[in-house]
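Q: Below is one structure. I have some questions about it.
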Amino acid sequence: MGSLWFCRFKQFSYVEPILFVYSHWLFLIFPLMNQYLYYRISEEVGFPYLNLTSDGGGCSQEHFEGNSTLKELEIEVQTRSANLFTYYILFCTLPCIIVSPFMGSYSDKKGRKVAMIASLTGAFLETTLLLVLIHMKLNVYVTIAGGIINGFSGYFATLWLGLMSYLGDTVEKDKLSIRMAILQFFLFIAGTVSQLTSGLWIEYLGFKPPMWFLWGSLLLIILYTIVFVKETIQPKKDVKVAFFSMESLRRTCSVFTKRRPGGRKNVILLIVFIAINILATVGTSAVQLLYLLRSPLCWIPSILGYFLAYRFLTLGLGSIAGIVILKKCFSEMNITRVGFVTQIAGLLLLAFSDKTWMVFLVPVVGILGSVIEPVFSSILSRLVTSEEQGVMFAIVGIISAIGEVVGTAAFNSIYPLSLRFNFPGFVFVFAAGISFCQIFATRCVDVPPEILNLEEEIIEENSLTENKPASEKPTKYPYEKDCTTTL
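According to UniProt numbering, the sequence shown holds residues 1 to 487 in order.
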């Protein structure tokens, strides 16, 4: 019995540690890098950010009244930090866009582990470069080189396509929404842990120890992936597959051009909706950090870390609980619309927040915004064949990366302008407007009911196979045969 439990446990637990460690790296590296660059640029221009926040209470408008020079220095630091982060995202995303379509097609033929290991290796190399930057106090623009290296490894898009395709290979279609929400929950838990500790790392130990910790955790998870993760795709030994090939591009294009029962239009629309949602949320993340660092909030690292951890935990719980509860009352498309409404409310509250308690209320108001992406991804997975999972999620990763870079570039360009007319929250109002338009745009999606409601179909299919010989019965998961043989 214990062996049976262990074998079943392995079928579902392999990829969660990978996502947890990588997400912990991703969500910790951004505040570390952002605040390190903010400190370095403040030093260069002579803005006394450390002196203004040394008492832990933030900085009030009193520090800036009658001191136009100090105000101008703060605007310069904010503008340069926003621009540098925009360049980083741009040079990280463009290589990722080039590599991802080939990686998606390649993983469909050679296996999902290739995509996972490539992404983890890129993060490991970038962290190594950042360690050199911090220890030797190199020019801050060296961070862009790290972004380029990570981008050519596929960045988060490649890891995500590997993980989502892995789920598509191993999970029953009627349970896919919940499983993707659970996987996303691990992402949010990693974000919670990383943000809860990021401020403490910086405040008590500086920037070097957390960087070394991330370096070591990435090395361990790379070894874990190589040794312990069981491949779901068994490549044909007599078939050679080139990484860069026209066949990969043709298979990528076929996702949009191929006629399918669920409709090509629905595939295109859902991919675009995911990208636009990324643009309106992830695209504002860098601006949000700057928004919380500026007056009148002037958050210190520990408060910023507590808030980000609390936000991730809230959204993570909201993604699972939201789907489980709302699925009893609403269709999947209506669940996403409820998510958009709460997301808009959260963005508008953030735009007009000038007190710490108001900012901490934002995640509660926008708690169901995290159901949008797993529901869209689940529907997409059901619209394409099993041989197209890698390619399809590669496209989602590419379009999402484009949404992230466009959103980051746009909002980071708008933000310095909004500082000039004293309304820094305008970027969040603009993002809320984008989400509002998406509520009505989702009316254009008309997925057939038999695809949205697969449970009855699967029950009927199982009843038809009950009387078949054991050799003819399909297995639920790729590893089921191995488990029963072993036991």
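Each residue gets a CB set at the ideal place from its N, CA and C atoms; glycine is no exception. Small disclaimer: the values here were computed from a predicted structure and weren't measured.
For P437, which three-state DSSP category applies?
A: One detail in the question is off: residue 437 reads as Cys in this sequence, not Pro. Three-state DSSP puts C437 in a helix.
Q: What is the rounded straight-line gap between the Cα of M164 and the Cα of M246?
A: Answer to the nearest angstrom: the Cα atoms are 24 Å apart.
Q: Give the single residue among I402, S370, L289 and F352 whose Cα lies nearest to the Cα of C92.
A: It is I402.
Q: Given a threshold of 16 other Cβ atoms within 10 Å of its Cβ, counted over all protein chains shown, does C96 qualify as buried or as exposed?
A: With 16 or more Cβ atoms within 10 Å of its Cβ, C96 is classed as buried.
Q: What's the gap between the Cα of L419 and the Cα of F411?
A: Cα to Cα, the separation comes out at about 12 Å.
Q: Should the stretch 283-301 be called in touch with the stretch 424-438, which here means at least 3 C-beta pairs below 8 Å?
A: Flag = yes, the stretch 283-301 and the stretch 424-438 touch.
Q: What residues in its chain sit with their C-beta under 7 Å from that of P210, if we drop five residues either side in the sequence?
A: The answer, listed in chain order, is L28, L32 and W201.
Q: Between L249 and P101, which are expected to be in contact by the criterion C-beta below 8 Å, what is the C-beta distance as a whole number of angstroms?
A: About 7 Å; that satisfies the 8 Å criterion.
Q: For E457, which residues from the same chain have a beta carbon less than 6 Å from its beta carbon, with the 5 sequence-adjacent residues on both sides left out?
A: With a pLDDT of only 44 at E457, under the threshold of 50, the placement of this residue in the model should not be trusted, and no figure is reported.
Q: Quick one: using the 10 Å Cβ neighbour count with 16 as the cut-off for buried, is Q234 buried or exposed?
A: Q234 is exposed by the Cβ-count criterion.
Q: Cα separation between V15 and L223?
A: Going from the Cα of V15 to the Cα of L223 covers about 13 Å.
Q: Distance, Cα to Cα, F330 vs G339?
A: Taking the straight line joining both Cα atoms gives about 12 Å.
Q: Three-state secondary structure (DSSP) at L297?
A: Note: L297 maps to coil in three-state DSSP.
Q: Quick check on this structure: which residue in M116, I398, E387 and A394 has the alpha carbon closest to the alpha carbon of K109?
A: Taking only the C-alpha atoms, the option nearest K109 is E387.
Q: Between the stretch 178-194 and the stretch 72-82, do at least 3 Cβ pairs fall closer than 8 Å?
A: Too few Cβ pairs lie closer than 8 Å, so no.
Q: Among residues of its own chain, excluding the 5 on either side of G104, which ones have a beta-carbon nearer than 6 Å to its beta-carbon?
A: Here the set comprises L161, G390, V391 and A394.
Q: Count the other CB atoms, across all protein chains shown, that sit within 10 Å of the CB of G433; report buried if there are 16 or more and exposed otherwise.
A: Exposed.
Q: Find the nearest neighbour of Y22 within the set L159, Y38 and L350, judged by alpha-carbon distance.
A: The option with the nearest alpha carbon to Y22 is L159.
Q: Distance, Cα to Cα, F152 vs K328?
A: C-alpha separation (whole angstroms): 43 Å.
Q: For L350, which residues in the same chain have their Cβ closer than 6 Å to its Cβ, ignoring the five residues on either side in sequence?
A: V362 and F428, listed in sequence order.
Q: Straight-line CA distance for R112 to N422?
A: Spanning the two alpha carbons is a distance of roughly 49 Å.
Q: What whole-angstrom Cβ distance do I278 and G407 have, given they're in contact under 8 Å?
A: Yes, they are in contact, since the Cβ atoms of I278 and G407 sit about 7 Å apart, within 8 Å.
Q: If we ignore side chains and look at the alpha-carbon of each, how far apart do Q35 and G263 end up?
A: Roughly 46 Å separates the two Cα atoms.
Q: So is L220 buried or exposed if we call it buried at 16+ other beta carbons inside 10 Å?
A: Under this definition L220 is an exposed residue.
Q: When DSSP labels each residue in this structure, what does F421 get in the three-state scheme?
A: If DSSP states are grouped into helix, strand and coil, F421 belongs with coil.
Q: Excluding the 5 residues flanking E231 on each side, which residues of the same chain have their C-beta closer than 8 Å to its C-beta?
A: So the list reads G111, R112 and K113, once near-sequence residues are dropped.
Q: Quick one: grab the DSSP three-state call for D108.
A: Looking at D108 - three-state DSSP - the assignment turns out to be helix.
Q: Enumerate in chain order the residues of its own chain whose CB-to-CB distance from R251 is below 7 Å, with the five nearest sequence positions on each side excluded.
A: The answer, listed in chain order, is S105 and V391.
Q: Would you please state the rounded distance, in angstroms, between the beta carbons of P448 and P261? I believe it to be under 8 Å.
A: Confirmed, Cβ separation roughly 7 Å.
Q: According to DSSP, is I233 helix, strand or coil?
A: The answer is coil: DSSP assigns I233 none of H, G, I, E or B.
Q: Can you tell me where the alpha helix (DSSP H) with K355 in it begins and where it stops?
A: No alpha helix (DSSP H) holds K355; DSSP gives it neither H nor E.
Q: Residue range of the alpha helix (DSSP H) that S42 falls in?
A: First-last of the alpha helix (DSSP H) with S42: E16 to V45.
Q: By Cβ distance, which residues of its chain are closer than 8 Å to E404, with the 5 residues on each side in sequence left out?
A: Cβ within range, chain order: I89, T93, I278, L279, V282 and G283.
Q: Could you pull the start and end residues of the alpha helix (DSSP H) that N139 belongs to?
A: Note, N139: premise wrong, no alpha helix (DSSP H); not H, not E.
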